[in-house]
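Notes follow once the structure below has been shown.
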Amino acid sequence: MVRGPILCALLILLWPSLVGAQWTNRYPKIQGYSHHVYLEGYELPLFTVGPIDAAVHGDQVAFASQGWLWILGDEARSARRLTRTAGIDSRPAWSPDGASLAFVRDDTRETAIVQIDVATGEERVLVEETGIDLDPAYAPDGRSLYYASAVAGDLDLWRLDLASGESERVTTEAGLERRPIPHPDGDRLVYLSKSRGGGDQVRVRRLSTGDERVIFRGSILSQLQPALSPDGRTIALNVPDQRGGWELRTVDLAQPGLTILLTSGRGLPLTPTWSGDGRWVYFSEADPEERMQLMRVPAVGGVTERVPVDVWDWGEETGRLRIRTRVDGFQVPARLTVLDGRGHPAVPAGAKPFFDGQNGRVFFYGDGFVEVELPVGEAMIDAARGLTTPMVTASASIEAGRVTEVDLELTAVWSAEGEGWMSGDHHFHLNYGGSYQLDRADLVLFARSEDLDVATPLLANLHNRFEQQELWGEDRLGPLPWIQFGQEVRSHFLGHVSLLDTRDLFWPWIWGPGYQVYGTDDRPNAEALDHARTQGGMNTYVHPVGNAEPFATDPPAGIPVAFIADAVQGHVDGLEVACLWSNEQGTMELWYRLLNVGVPIAPTAGTDVMTDLYRTMAVGATRVYVQTGGSRAFSDYMDALRAGRSFVTTGPLLDFRVEGVGPGGEVANSGGAEWTLDLHTAVSTDRVEVVVNGRVVWSDDAPVGPGSRAYSGAVDLPPGGWIAARATGPATTSWPAMSTDAFAHTAPVWIGSVGSTEDGARRAAAQDLLRGLVGARQRLEDGYAGIEIPVLQRHFDRARSVLEEWAR
Numbered sequence: 059m060v061r062g063p064i065l066c067a068l069l070i071l072l073w074p075s076l077v078g079a080q081w082t083n084r085y086p087k088i089q090g091y092s093h094h095v096y097l098e099g100y101e102l103p104l105f106t107v108g109p110i111d112a113a114v115h116g117d118q119v120a121f122a123s124q125g126w127l128w129i130l131g132d133e134a135r136s137a138r139r140l141t142r143t144a145g146i147d148s149r150p151a152w153s154p155d156g157a158s159l160a161f162v163r164d165d166t167r168e169t170a171i172v173q174i175d176v177a178t179g180e181e182r183v184l185v186e187e188t189g190i191d192l193d194p195a196y197a198p199d200g201r202s203l204y205y206a207s208a209v210a211g212d213l214d215l216w217r218l219d220l221a222s223g224e225s226e227r228v229t230t231e232a233g234l235e236r237r238p239i240p241h242p243d244g245d246r247l248v249y250l251s252k253s254r255g256g257g258d259q260v261r262v263r264r265l266s267t268g269d270e271r272v273i274f275r276g277s278i279l280s281q282l283q284p285a286l287s288p289d290g291r292t293i294a295l296n297v298p299d300q301r302g303g304w305e306l307r308t309v310d311l312a313q314p315g316l317t318i319l320l321t322s323g324r325g326l327p328l329t330p331t332w333s334g335d336g337r338w339v340y341f342s343e344a345d346p347e348e349r350m351q352l353m354r355v356p357a358v359g360g361v362t363e364r365v366p367v368d369v370w371d372w373g374e375e376t377g378r379l380r381i382r383t384r385v386d387g388f389q390v391p392a393r394l395t396v397l398d399g400r401g402h403p404a405v406p407a408g409a410k411p412f413f414d415g416q417n418g419r420v421f422f423y424g425d426g427f428v429e430v431e432l433p434v435g436e437a438m439i440d441a442a443r444g445l446t447t448p449m450v451t452a453s454a455s456i457e458a459g460r461v462t463e464v465d466l467e468l469t470a471v472w473s474a475e476g477e478g479w480m481s482g483d484h485h486f487h488l489n490y491g492g493s494y495q496l497d498r499a500d501l502v503l504f505a506r507s508e509d510l511d512v513a514t515p516l517l518a519n520l521h522n523r524f525e526q527q528e529l530w531g532e533d534r535l536g537p538l539p540w541i542q543f544g545q546e547v548r549s550h551f552l553g554h555v556s557l558l559d560t561r562d563l564f565w566p567w568i569w570g571p572g573y574q575v576y577g578t579d580d581r582p583n584a585e586a587l588d589h590a591r592t593q594g595g596m597n598t599y600v601h602p603v604g605n606a607e608p609f610a611t612d613p614p615a616g617i618p619v620a621f622i623a624d625a626v627q628g629h630v631d632g633l634e635v636a637c638l639w640s641n642e643q644g645t646m647e648l649w650y651r652l653l654n655v656g657v658p659i660a661p662t663a664g665t666d667v668m669t670d671l672y673r674t675m676a677v678g679a680t681r682v683y684v685q686t687g688g689s690r691a692f693s694d695y696m697d698a699l700r701a702g703r704s705f706v707t708t709g710p711l712l713d714f715r716v717e718g719v720g721p722g723g724e725v726a727n728s729g730g731a732e733w734t735l736d737l738h739t740a741v742s743t744d745r746v747e748v749v750v751n752g753r754v755v756w757s758d759d760a761p762v763g764p765g766s767r768a769y770s771g772a773v774d775l776p777p778g779g780w781i782a783a784r785a786t787g788p789a790t791t792s793w794p795a796m797s798t799d800a801f802a803h804t805a806p807v808w809i810g811s812v813g814s815t816e817d818g819a820r821r822a823a824a825q826d827l828l829r830g831l832v833g834a835r836q837r838l839e840d841g842y843a844g845i846e847i848p849v850l851q852r853h854f855d856r857a858r859s860v861l862e863e864w865a866r
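Each residue of the sequence shown is one higher than the one before, starting from 59 at the first, in the numbering used here.
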C-alpha cells in the first residue's frame, strides 16, 4: 500500500504535466477531469488564518489554522498546537476513543494521510500513495479508516485496515468520491460524489450490499461538505442560496427531500460538523478581514454564535517579523512569501492566503508594512510586485518575544508609467465558488500589490446560478487601480466571450446544447458581441485555443465553434492571446490568420483566476500593457486597448516601434523600414523575434535572467499586412511570473493601412480558416442534432461566402 516517501515529490524539479504553454495541474492528474484548477481549488484542503475543518470529541475541538492542527478546550478558550512540520496539515478526524487524530498532510505536490497521538505527538503515516489522498474518517469500531484516494485514477473511497495496513476499494464509479462519513450502524457510509451525470450529490451507501441512495443533489456545489449527526439520523450541509450566498441546512437521512434551514444570510459557512452530543453544528466562516472564525448554531436552528480562541499556545517560543516593502524608497504594497525555519509558510492575521500552483508557494499581500508571528529560528522572505520587479529574498533571525524588522527594496526593470503605458487584467473572477466572499476593497490591495492599473473582474454563471449581480456597477474609476466589472457570457458550445465597459448585462448568460431551458436556443455569439458594441463597450473571445497547433489537423482542432464565423464577419473586437488556462502558441496561430485576411482584432490578456479560491494565481500574472500616451482617462485606455496600441505578456516587456510607430499604428509600404525593440524582463527569456505576416524575419537571444536589452534592425516590407515582435522563454518560470513559460507579443503595426493584406498570406490564411469553419459547421450540426437552427446556419453560410472570396 505504501509506495514511497511523500517528500520525494519535493525533489521533482519539473512535473511532466506542467511542460507546455498553459497551466494544467500541480498535483497528480485525476483521470477524466479536464479542469484541474477547479478540482484543486474546490476539493483540496485550505490553508487559512483562523479555524477551519473543525472536528469535535467531547469538549475538545480539533481544527486546522495556519497549516497546523490545534486543539481547543471549550471552556479554556485556549488552542494548543499539535503539529509543527513543514507540511500543511488539515481535515482532522478523531478516533472513537479520542486518543488519536487522522489528518491530511500536503507538501504542495502530493497529499498523505497521517495519524498523530494527541497526548505524545507521535506521528504515523497511514496512507501515502502516488496520487491525491484526502478526508480520513475512522469507522465506529476504530479498527479501520475510510478515506478518498486517486491511486486508481480518479478519486474513490477506500477502507484501510489499521492492524494489517491493507486497503480495499469501496467505490469504483467514474468521477470524484470524497468526504466519507461512517454511519454509527457500521454498515452505511455517507459521502460526497461529484462529476456524475446527476451533478454533485450527497449519497448513502450500504456497505454490505453496495446499494446507494441520493440524499441531496445540485450543480457545482463547490464548497459542499456533508456532516452526519452522532445518532446517524440527520445530515447538515452547506449549500448555495438563491441570492448569491450560502446557508446551512439539515436533511433527514431516512426521508430525504425537503431541507430545513439552520442559518441564512449572505455568508459562506464552511466545513460543518456536529458536536458529540448532537446539540450543535459547528462551522467556519471568514470575517470581513478574511480570517476564519469558528462558529456554531443549535442543531434545531437559532442564533449563531462565535466560538472564540483567546489564547494560541504554540508549544514553543515565538517572535514577530515586521516586513516593509519599498520601491525607490517609497513604501508600496507587494506580494510576499514567508517561511519559518522548518520551511512552513506563515501568513499574518488579516491577510488572505493564496497558493501559486505554478511555483508551489503560499503567498499573501501586504500593504507595505506587515507583521507575522513565527517560531524562533531562521525565516525566509520573498517579495515581488507585478511583472517588472525581480524577486527579492531576505532572511531573518526570529528571537523569542522580540520583533525582528526586515526592509525589502524592490527594483523595477522598467517604468511602464514613465513610458506612457498602463497595465490591465481583463479576465478574472472576484468570487467564483471559493471559500471567501471578496469585495472591491480586497481587489484594490491585490491590484496595487501587483502594480496593476486596470482590473475588470467578470461576472459569470456557476452553471444555473447567476451570482454576484449586486457587484454590477460597483466600479472604481477614480485613483488607480481602476476597477470596472464586466461580464463573461458562456454559450459553452459556441465559445466564451467577455463584454467590457457596458451599461447593461446581456441575457441570457448561457445557452446551447447541454443547458436546460436555453438548450435549443438558435442564437449566435454575435448577438452578445454586438451588445457590447452598441453600448460603446468592447468584446473579446476568451481562453480560445487549448492546443499549440490548431491547424495541424483536418479539420483544425481546439477553436471555439463560433469564433471564425463571428470574426470574419467583423463582430469580434479582441482575442485573449494570453491566458493562464489556454495555449498562447495555438491562439497566436489563430490570431495570425485573422490578421492576414485583414481582420484587425486586438490582442487582450487575462489570468482567468478566481480570487476567492486559496489555490489560485495572482491577478495580473497575465496582462496587457496599453499605450495611452500618458493619459489617465479610462475612456482613453479603452480606446487604446480596442485600437491595439498594446502588447500582452506573462513576463517579458516589449517596446516595439517601426519607423518610430508603435503597435496599432500604420507605416508606409515603401519597402525598407527600420525597427527598434526594447526588451525588459524580470524573468528568464530565451528568444526575441520580429514577425511579418506571421513569418519570422529576425530573431536573437534574450537575456537569460532579469535585465534589459535594446535591439534594432531593418526589414523589407511587403505591399500590405502587418509587423510585430514577440518574446518567448523556457518551459518553466519563477517569480514574479506564474505562467508555465515566458511569452509576450505586441499588437501589429499595420503596413499601409489598418486591415491591409498581402495576397499570398491572405489566400493561405483564408484557406486555413475555411477548413476551420467547415469543421466548426459540422460540430454545429452534430451538437444541435434534431434542432432547427436557421439563424446559426445562415450566420455560418455568410462567413463561408466571405472566406471563399478571400481564398481565391
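Every residue gets a Cβ at the ideal spot worked out from N, C-alpha and C, and that includes glycine.
**OP:** Can you say whether Ile-318 is buried or exposed, counting buried as having 16 or more other CB atoms within 10 angstroms of its CB?
**Re:** To locate residue 318, count along the sequence shown from 1; it is residue 260. Flag for Ile-318 reads exposed.
Original post:
Would a C-beta distance cut-off of 9 Å place Leu-496 and Ser-556 closer than the cut-off?
Top reply: Locating residue 496 in the sequence shown gives position 438, counting from the first residue. Locating residue 556 in the sequence shown gives position 498, counting from the first residue. In this structure, Ser-556 does not lie closer than 9 Å to Leu-496 by Cβ.
**OP:** Quick one: residues in its chain with C-beta nearer than 6 Å to the C-beta of Gly-830, no 5 flanking neighbours on either side, listed in chain order?
**Re:** Counted from its first residue, the sequence shown places residue 830 at position 772. The residues are Pro-614, Ile-617 and Ile-622.
Subject >> Spatial neighbours of Leu-127 in its chain, beta-carbon cut-off 7 Å, leaving aside the 5 residues before and after >> reply: Counted from its first residue, the sequence shown places residue 127 at position 69. Here the set comprises Ala-120, Leu-140, Thr-141, Asp-147, Pro-150, Leu-159 and Phe-161.
**OP:** Could you pull the start and end residues of the alpha helix (DSSP H) that Leu-828 belongs to?
**Re:** Within the sequence shown, numbered from 1, the residue matching residue 828 stands at position 770. Residues 817-841.
Original post:
Residues in its own chain within less than 8 Å of Trp-304 by CB, not counting five upstream and five downstream?
Top reply: Taking the first residue of the sequence shown as position 1, residue 304 is located at position 246. The residues are Gln-281, Asn-296, Val-297, Pro-298, Gly-325, Leu-326 and Pro-327.
Original post:
Going straight from the alpha carbon of Gly-377 to that of Glu-436, what length do you get?
Top reply: To locate residue 377, count along the sequence shown from 1; it is residue 319. To locate residue 436, count along the sequence shown from 1; it is residue 378. If you take the alpha carbons of Gly-377 and Glu-436, they lie about 11 Å apart.
**OP:** Determine the closest residue to Gly-408 out of Arg-753, Glu-347, Arg-135 and Asp-799, with distance taken between C-alpha atoms.
**Re:** By one-based count along the sequence shown, residue 408 stands at place 350. Taking only the C-alpha atoms, the option nearest Gly-408 is Glu-347.
**OP:** Output the distance between the C-alpha atoms of Ile-659 and Leu-653, rounded to the nearest integer angstrom.
**Re:** Looking up residue 659 in the sequence shown gives position 601. Looking up residue 653 in the sequence shown gives position 595. Distance between the alpha carbons of Ile-659 and Leu-653: 7 Å.
Original post:
Among residues of its own chain, excluding the 5 on either side of Arg-673, which ones have a beta-carbon nearer than 7 Å to its beta-carbon?
Top reply: Within the sequence shown, the letter at position 615 stands for residue 673. Result list for Arg-673: Glu-98, Gly-99, Leu-102, Phe-413 and Gly-415, in chain order.
Original post:
Between the beta-carbon of Val-471 and the beta-carbon of Pro-448, is there less than 9 Å?
Top reply: Taking the first residue of the sequence shown as 1, we reach residue 471 at position 413. Taking the first residue of the sequence shown as 1, we reach residue 448 at position 390. Cβ distance < 9 Å, so Val-471 and Pro-448 count as in contact.
Original post:
Counting pairs of beta carbons, one from the region 591-598 and one from the region 793-813, are three or more of them closer than 8 Å?
Top reply: no
Original post:
Ordered along the chain, which non-local residues of its own chain (more than five positions away) have a Cβ less than 7 Å from that of Arg-349?
Top reply: Position 291 of the sequence shown, counting from 1, holds the residue named residue 349. Once the five neighbours on either side are set aside, the close Cβ partners of Arg-349 are Val-107, Gly-108, Ala-407 and Gly-408.
Subject >> Sequence-distant residues of its chain with Cβ nearer than 8 Å to Asp-855 (five each side left out) >> reply: The residue you call residue 855 lines up with position 797 of the sequence shown. For Asp-855, where only same-chain residues beyond five positions count, there are no Cβ hits under 8 Å.
**OP:** Determine the closest residue to Asp-245 out of Pro-198, Gly-233 and Arg-237, with distance taken between C-alpha atoms.
**Re:** For the purposes of this step, residue 245 is taken as the residue at position 187 of the sequence shown. It is Pro-198 whose Cα lies nearest to the Cα of Asp-245.
**OP:** Report the rounded CA-to-CA distance for Thr-743 versus Gly-765, giving the unit in angstroms.
**Re:** As a first step, residue 743 is located in the sequence shown; it is residue number 685 there, counting from the start. As a first step, residue 765 is located in the sequence shown; it is residue number 707 there, counting from the start. Distance between the alpha carbons of Thr-743 and Gly-765 is about 10 Å.
**OP:** Kindly indicate the opening and closing residues of the alpha helix (DSSP H) around Met-646.
**Re:** What you label residue 646 is simply residue 588 of the sequence shown in a count that begins at 1. Where Met-646 is concerned, the enclosing alpha helix (DSSP H) stretches over 642-654.
Original post:
Looking at the structure shown, is Trp-864 part of a helix, part of a strand, or coil, going by DSSP?
Top reply: Position 806 of the sequence shown holds residue 864. Three-state DSSP puts Trp-864 in a helix.
Original post:
In terms of alpha-carbon separation, which member of Asp-219, Thr-451 and Leu-432 lies closest to Ala-441?
Top reply: Along the sequence shown, one-based indexing puts residue 441 at 383. The shortest C-alpha separation from Ala-441 is found at Thr-451.
Subject >> C-beta contact flag for Asp-155 and Gly-200 at 9 Å >> reply: Within the sequence shown, numbered from 1, the residue matching residue 155 stands at position 97. Within the sequence shown, numbered from 1, the residue matching residue 200 stands at position 142. A contact, by the Cβ cut-off of 9 Å.
**OP:** Measure how close the beta-carbons of Asp-509 and Arg-443 come, nearest whole angstrom, since I'm counting them as under 8 Å.
**Re:** Your numbering for residue 509 matches position 451 in the sequence shown. Your numbering for residue 443 matches position 385 in the sequence shown. Sure, about 5 Å apart at Cβ, within 8 Å.
Original post:
Using 8 Å as the Cβ pair cut-off and three pairs as the minimum, do the region 561-568 and the region 534-549 touch?
Top reply: yes
Original post:
If you draw a straight line from the alpha carbon of Asp-465 to that of Glu-457, how long is it in whole angstroms?
Top reply: Position 407 of the sequence shown, counted from the start, is the residue given in the question as residue 465. Position 399 of the sequence shown, counted from the start, is the residue given in the question as residue 457. Going by the C-alpha atoms only, they are around 17 Å apart.
Original post:
Given Ser-322, which residues of its chain have a CB within under 6 Å of its CB, disregarding the five upstream and five downstream residues?
Top reply: Here residue 322 refers to the residue found at position 264 when the sequence shown is read from its first residue. Glu-305, listed in sequence order.
Original post:
Distance, Cα to Cα, Glu-846 vs Phe-551?
Top reply: Position 788 of the sequence shown holds residue 846. Position 493 of the sequence shown holds residue 551. Taking the straight line from one Cα to the other gives about 16 Å.
Original post:
Shortest alpha-carbon distance to Ala-584 belongs to which of Asn-417, Asp-631 and Gly-482?
Top reply: Numbered from its first residue, the sequence shown carries residue 584 at position 526. Of the candidates Asn-417, Asp-631 and Gly-482, the one whose C-alpha sits nearest the C-alpha of Ala-584 is Asp-631.
**OP:** State the Cα-Cα distance for the pair Thr-82 and Val-358, rounded to the nearest angstrom.
**Re:** By one-based count along the sequence shown, residue 82 stands at place 24. By one-based count along the sequence shown, residue 358 stands at place 300. Those two C-alpha atoms are separated by around 44 Å.
Original post:
Between the Cα of Asn-641 and the Cα atoms of Gly-426, Thr-791 and Thr-798, which residue gives the shortest distance?
Top reply: Taking the first residue of the sequence shown as 1, we reach residue 641 at position 583. It is Thr-798.
Original post:
From this set, Asp-310, Gln-300 and Gly-276, which residue's C-alpha is nearest Thr-292's C-alpha?
Top reply: The residue given as residue 292 occupies position 234 in the sequence shown. With distances taken between Cα atoms, Thr-292 lies closest to Asp-310.
Original post:
Quick one: is His-879 buried, meaning 16 or more other Cβ sit within 10 Å of its Cβ, or exposed?
Top reply: With the chain represented from 59 up to 866, any question about residue 879 goes unanswered, as that position is not in the structure.
**OP:** Have a look at the DSSP bridge pairing and note the partners of Arg-745.
**Re:** As a working note, residue 745 is residue 687 in the sequence shown. Answer by DSSP bridge pairing, in chain order: Asp-759 and Thr-786.
**OP:** Tell me whether Asp-758 is buried or exposed, calling it buried when 16 or more other Cβ atoms sit within 10 Å of its Cβ.
**Re:** Residue 758 sits at position 700 when you count from the first residue of the sequence shown. When all chains shown are included, Asp-758 counts as exposed.
Original post:
Quick one, are the C-beta atoms of Thr-734 and Thr-707 less than 9 Å apart?
Top reply: Taking the first residue of the sequence shown as 1, we reach residue 734 at position 676. Taking the first residue of the sequence shown as 1, we reach residue 707 at position 649. No, the Cβ-Cβ distance between Thr-734 and Thr-707 is not below 9 Å.
Subject >> Beta-carbon separation (whole angstroms), Gly-678 vs Thr-662, contact threshold 8 Å >> reply: On the sequence shown, position 620 is the one that residue 678 refers to. On the sequence shown, position 604 is the one that residue 662 refers to. That pair is no contact at about 13 Å.
Subject >> Entirely enclosed beta strand (DSSP E) segments - the region 541-568, minimum 3 residues >> reply: 544-549 and 553-558
Original post:
Given Gly-78, which residues of its chain have a CB within under 7 Å of its CB, disregarding the five upstream and five downstream residues?
Top reply: Position 20 of the sequence shown holds residue 78. Any answer about Gly-78 is weak, because its pLDDT of 37 lies below 50 and its placement is not dependable; what the coordinates show is given next. Thr-798.
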